[in-house]
Ligand code: PA5
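In this note's numbering, the protein residues as written are -1 to 475.
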């Protein structure tokens, strides 16, 4: 594998602990060994499906090969990132959905939590922003804090037809031109290799530096291709470590038995829970750094599994609503519901064995026992105790929960988590017998937006919208 030593890699292994899903810990609310074993053959079929279709572009399964087939691209990205760090003060990603959540997640996971506020000498790269909305206030406010001529804009869109990203692009193209800057000098595209509007724009402008979003990689599976790797490299994140971690998890999951394959077992646990009516999947990291991993996961799980048709064309309505939650913050907000509300949830805890620092809590307030007991501990001990306490409280209340243990947070362990969740999603989709990799449900809203803004070819949709009944004012109170 060539990334650090075998001992180090094994010491960094992310592991799945699903004890709190079982009868032994949850009593009658948990799965018996027999109930889980009943999924073995289904799980095995899902494993075989994913294995046989690995790398197939036509099935959008090219993401499985990303840990292995990008050597030249990685070298190019590292060289470009070096230039960007030298020449620009700001780096702005313009994208949405799968083109944005990955960069946001990696930035938050592996950089200082107040990165942009650090003095330049303490940052590894330019100030960093990911703009994944078209709220005009947000765009105005971004333009208040960057200097366009000192900014590298990474426009990320596979189709180049996404209204949000292209509206942002038009704004910055105009700004750069008005500032007398050649757009080519400050813009990098990440897009489809051959088709799409960014390709056309690049050709018109005489060739804009462009990275390829490979054919067989959909947006939400794209963090480990240039979509995520370029922004990460600009931030000084070890992108070889990310890919090595993904490959390491891939090798761990290369086992057909669900008892030995954490991604397969976690898919089975979720599917089995869904079949019992647990339609909400809570992703709860006990780490501020992993807060946006939960966002990234929510898109992956929701857009991949929320489908209304099986692969053989039969109607269905499947999926599980993913919910993000942050430990310990949401103990004071959501956990009341998780422990006493409906039995409709599975909670996935992301637990760090070691934080990047400890932060001792000094002794003090010795006459106030409620406070004094904290002195002499560390914040790491406190957050870990609260994490364990939440797992205990959920289990005591008969609520399904399981933990992914992360030895420490670094590029290698983050890469493992990404690949584990991607495989888990692919296995779950195969078990549900749906197309995991499309998103037809997003289209209707897109078409209505085009019609409302007068895009050519959408006159019929506009008519349909115009013919909706008038709103009843009595129902507007
Ligand atoms: O996961 C997906 O496929 C979507 O979230 C897309 O990433 C998102 O719609 C952006 O599409 P595009 O990259 O074509 O601009």
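Positions of the beta carbon are idealized from the N, C-alpha and C atoms, including for glycine.
C-alpha gap between residue i and residue j, whole angstroms
| i | j | result |
| --- | --- | --- |
| residue 26 | residue 320 | 25 angstroms |
| residue 373 | residue 143 | 41 angstroms |
| residue 72 | residue 393 | 44 angstroms |
| residue 337 | residue 69 | 47 angstroms |
| residue 36 | residue 270 | 10 angstroms |
| residue 152 | residue 275 | 42 angstroms |
| residue 334 | residue 328 | 9 angstroms |
| residue 101 | residue 229 | 6 angstroms |
| residue 220 | residue 349 | 25 angstroms |
| residue 246 | residue 417 | 9 angstroms |
| residue 458 | residue 387 | 57 angstroms |
| residue 80 | residue 277 | 45 angstroms |
| residue 179 | residue 203 | 13 angstroms |
| residue 398 | residue 325 | 17 angstroms |
| residue 323 | residue 8 | 29 angstroms |
| residue 480 | residue 249 | Lying before the first or after the last residue shown, residue 480 is absent from the chain, which here runs from -1 to 475. |
| residue 184 | residue 451 | 29 angstroms |
| residue 32 | residue 263 | 14 angstroms |
| residue 466 | residue 231 | 49 angstroms |
| residue 436 | residue 447 | 20 angstroms |
| residue 141 | residue 346 | 38 angstroms |
| residue 422 | residue 4 | 25 angstroms |
| residue 197 | residue 106 | 30 angstroms |
| residue 299 | residue 291 | 12 angstroms |
| residue 191 | residue 51 | 22 angstroms |
Whether residue i touches residue j by CB criterion (7 angstroms)
| i | j | result |
| --- | --- | --- |
| residue 189 | residue 211 | yes |
| residue 225 | residue 97 | yes |
| residue 317 | residue 214 | no |
| residue 155 | residue 163 | yes |
| residue 413 | residue 240 | yes |
| residue 103 | residue 405 | no |
| residue 256 | residue 266 | yes |
| residue 206 | residue 182 | yes |
| residue 122 | residue 114 | no |
| residue 58 | residue 216 | yes |
| residue 377 | residue 40 | no |
| residue 129 | residue 173 | no |
Heavy atom of ligand 1 within 6 angstroms of residue i beta-carbon
| i | result |
| --- | --- |
| residue 434 | no |
| residue 156 | yes |
| residue 216 | yes |
| residue 188 | no |
| residue 337 | no |
| residue 163 | yes |
| residue 160 | yes |
| residue 94 | yes |
Segment limits, alpha helix (DSSP H) that includes residue i
| i | result |
| --- | --- |
| residue 200 | 195 to 202 |
| residue 106 | 99 to 108 |
| residue 224 | 224 to 232 |
| residue 315 | Here residue 315 belongs to no alpha helix (DSSP H); instead the beta strand (DSSP E) covers 313 to 316. |
| residue 8 | 4 to 9 |
| residue 161 | 161 to 176 |
| residue 360 | Here residue 360 belongs to no alpha helix (DSSP H), and DSSP marks it neither H nor E. |
| residue 385 | 377 to 394 |
| residue 438 | That residue, residue 438, is in no alpha helix (DSSP H); it is neither H nor E in DSSP. |
Boundaries of the beta strand (DSSP E) in which residue i is found, first to last residue
| i | result |
| --- | --- |
| residue 307 | 305 to 307 |
| residue 400 | 399 to 406 |
| residue 186 | 185 to 189 |
| residue 117 | It is not in any beta strand (DSSP E) - residue 117 carries neither H nor E in the DSSP assignment. |
| residue 281 | 278 to 283 |
| residue 352 | 343 to 352 |
| residue 14 | 13 to 15 |
| residue 92 | 88 to 92 |
| residue 472 | Here residue 472 belongs to no beta strand (DSSP E), and DSSP marks it neither H nor E. |
| residue 129 | 125 to 129 |
| residue 149 | 149 to 154 |
Classification of residue i by the beta-carbon crowding that lies within 10 angstroms, buried from 16 upward
| i | result |
| --- | --- |
| residue 297 | buried |
| residue 483 | As shown, the chain starts at -1 and ends at 475. That puts residue 483 outside it, with no answer to give. |
| residue 438 | exposed |
| residue 426 | buried |
| residue 19 | buried |
| residue 475 | exposed |
| residue 357 | exposed |
| residue 135 | exposed |
| residue 343 | buried |
| residue 415 | buried |
| residue 138 | exposed |
| residue 6 | exposed |
Distance cut-off 6 angstroms: residue i Cβ against heavy atoms of ligand 2
| i | result |
| --- | --- |
| residue 97 | This structure does not include ligand 2; its bound ligands are ligand 1. |
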